[in-house]
Amino acid sequence: MHIVVESSSSGVTLTTLDDTGAFVGESVVSESDFSAEVARREASRPRWVWSDTEHWYPRLLEAGVRVERCVDLRLCRAILRNSPLTQSTDVAAAPPDAWDEPPADAASPAVGATLFDLEPARPGDQLDPLREFLRQRAAAPPALALLLSAESAGALVAAEIKHTGLPWRAEVHDELLTRMLGPRPRVGERPGRMEALARDIRAALDAPELNPDSAGTLLRALQRAGLRVESTSKWELQRVEHPVITPLLEYKSLARLYSANGWHWLDTNVRDGRFHPDYVPGGVVTGRWASRGGGGALQLPKQVRGAVLADPGHVLVVADASQLEPRILAAMARDRAMVEAGAQGDLYAGIVASGAVATREQAKLAMLGAMYGATQGESGRLIPALARAYPGAIRLVEGAARVGERGERVSTLLGRGSPLPGEDWHELQSLASAEGASTALQERARAAARSWGRFTRNFVVQGTAAEWALCWMATLRQKLHALGGAPQLAFFLHDEVVVHTPSELADVTADAIREAAVEAGRLLFGELPIRFPLTVATVQSYADAK
DNA sequence: GACGGCTCCAAA
DNA sequence: AACTTTTGGAGCCGTC
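Okay, here's the thing in structure tokens:
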């Protein structure tokens, strides 16, 4: 059974459909009765159909109402418009409309709003979810069903994590900052430790007025002092010897900490002992989640993870999928040799044991190079050896690269399609292939084609890994609920989850995480004997997880 | 003062 | 260590 949720002038309209999509009944509830009504009807385990999980679900969570299943029409729409499996349908062919716009209420509410921001027209008001749902049902082939339900389940998980939040001890974070930077400075001033390092830098470069935050002036000062560098990036500075290097690298590290995760971050992102990650499911073309706002949920640096501490009587169960992307590649390609290399635990060690390359480091470099499309350096040189040992896996990524170089679409295992290159790209290709095109133009076009090929090459692996992660989380979410709801998903990071749980449930929580990973492998790859081993740590502090 | 481009860095 | 993928944000700086 499905219940389609829609705003109306008198409240919220709930339209019930049976499993064939036929109309069963309709009712209208006031906004204030909405969450109670959802709670009541959740007992019959419907699939809630709504425009945006992000729009509808937070108010339910506020009211203490969890739903088991939903259809997020906007996310499913995006998949249907891009999947190679639906290109002939009217969903894919329809001109862009309000469903293709970002949700009206997604941005941080009313920050910077002024008197002049009169009630904007909300795209959401023009949406007809019932009509859209029926259209999507008609368009979606069975082969896309798993991806569509995983995507919607992911949206529920994202909203729940945002609601619950990751335990974050502000006073621990403050102590950590004070220890590294010195006391919190007044507005407009640098922390003491950074100011001292800035003085050292100016002295070492004999540049008394230098602002080390200005990359341009810093580069000129470095070159004037005789350093042979082309940029001020960390990796280039590290290979140069000069008295300025040590204070400069420390300055850059502290400046990053201060501006990205300093006291200002703490003030704006931690409330009531929780950090509330603002995820955007489907926000990356590959299907990975993105994050929104200054919270930086997907780039929480290791430097500050010490402030993530379980509540009294609780622990954090932290699990990450080891070498996820190469294993995904092995399984997608049905490359028995590579699957076998990972069967004992460490895939890279398995590759070395097979004799393909000499060292674990080389195995890792070669694998990453194959998935990213490296052509140069040690990584590029190692790929032929990898191709001899694992022709199936390498054929898959090379094939995806060729498709992209032709400007065509590739697909993940579950059917998420890659975007097509833009007009500029096509124009460059046709200009370069025209009679009398300059060699410079031809080279630019080839570079653009190769670049798009690297993107599609990586898309199939990164995107399928994201699908595995969605299935993992969707399954885990159900298992944690079955444990009574006390263990809660508190964080997600591409191939890693953090569950905050009462200490006495730590072991069953860890089991649930492992079982969910097995189930995710089965959902994607059936009975193929591919393992996705996890590293699981039960800790007080996130900093101790790895 | 707003805005876009640029550089740099964090995560996977 | 980068090379090679996907992201988001801060700060600087020139342009309007």
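Following this note's numbering, the numbering of the first sequence begins with 1120 at its first residue and continues without gaps.
All C-beta atoms, glycine included, are put in the ideal place defined by N, C-alpha and C.
From a predicted model like this one, the values you see are computed outputs, not experimental measurements.
The stretch 1499-1516 makes no contact with the stretch 1419-1434: fewer than 3 CB pairs, one atom from each, lie closer than 8 Å. The C-beta distance from L1367 to M1313 rounds to 12 Å, too long to fall under 8 Å, and the pair is not in contact.
DSSP places V1123 in the strand class (E or B) of the three-state scheme. A straight-line Cα-Cα distance of about 48 Å links A1334 and R1453. For Q1607, the secondary structure class from DSSP, reduced to helix, strand or coil, is strand. Within the stretch 1602-1647, the runs of beta strand (DSSP E) that reach at least 3 residues and sit entirely inside it are, in chain order, 1607-1611, 1615-1621. Counting the other Cβ atoms within 10 Å of the Cβ of Q1495 gives fewer than 16, which makes it exposed.
If you keep only unbroken alpha helix (DSSP H) runs of at least 4 residues inside the stretch 1291-1372, you get 1311-1324, 1334-1343, 1353-1356. The beta-carbon distance between A1289 and L1385, rounded to whole angstroms, is 6 Å. This is short enough to meet the 8 Å contact definition. The alpha-carbon of A1460 is positioned some 23 Å away from that of H1613.
For R1196, no pairing in a beta bridge is given by DSSP. Counting along the chain, L1550 sits inside the alpha helix (DSSP H) bounded by residues 1542-1552. In the structure shown, the three-state DSSP call for P1261 is helix.
Beta-carbon to beta-carbon, W1571 and G1492 are separated by about 10 Å, too far to satisfy the 8 Å threshold.
Runs of beta strand (DSSP E) with 3 or more residues, each lying fully within the stretch 1404-1453, are found at 1433-1440, listed in chain order. For S1660, the secondary structure class from DSSP, reduced to helix, strand or coil, is strand. The stretch 1127-1189 is shown to contain whole alpha helix (DSSP H) runs of 4 or more residues at 1153-1161, 1172-1181, in chain order. For L1199, the closest C-alpha among the options S1530, R1525, P1177 is that of S1530.
Rounded to the nearest whole angstrom, the CA to CA distance from Q1357 to A1462 is 38 Å. The count of Cβ pairs closer than 8 Å, one atom from the stretch 1574-1594 and one from the stretch 1393-1405, reaches three, so the stretches are in contact. Taking C1195 as reference, the option from S1473, E1251, Y1370 with the minimal CA-CA separation is E1251.
The bridge partners DSSP lists for G1536 are S1530. Sequence-distant partners of L1341 (beyond 5 residues in either direction) whose C-beta falls short of 6 Å from its own C-beta, in its chain, are V1348. Cβ contact annotation for Q1659 (same chain, cutoff 8 Å, sequence separation greater than five): L1428, A1429, V1434, L1435, in chain order.
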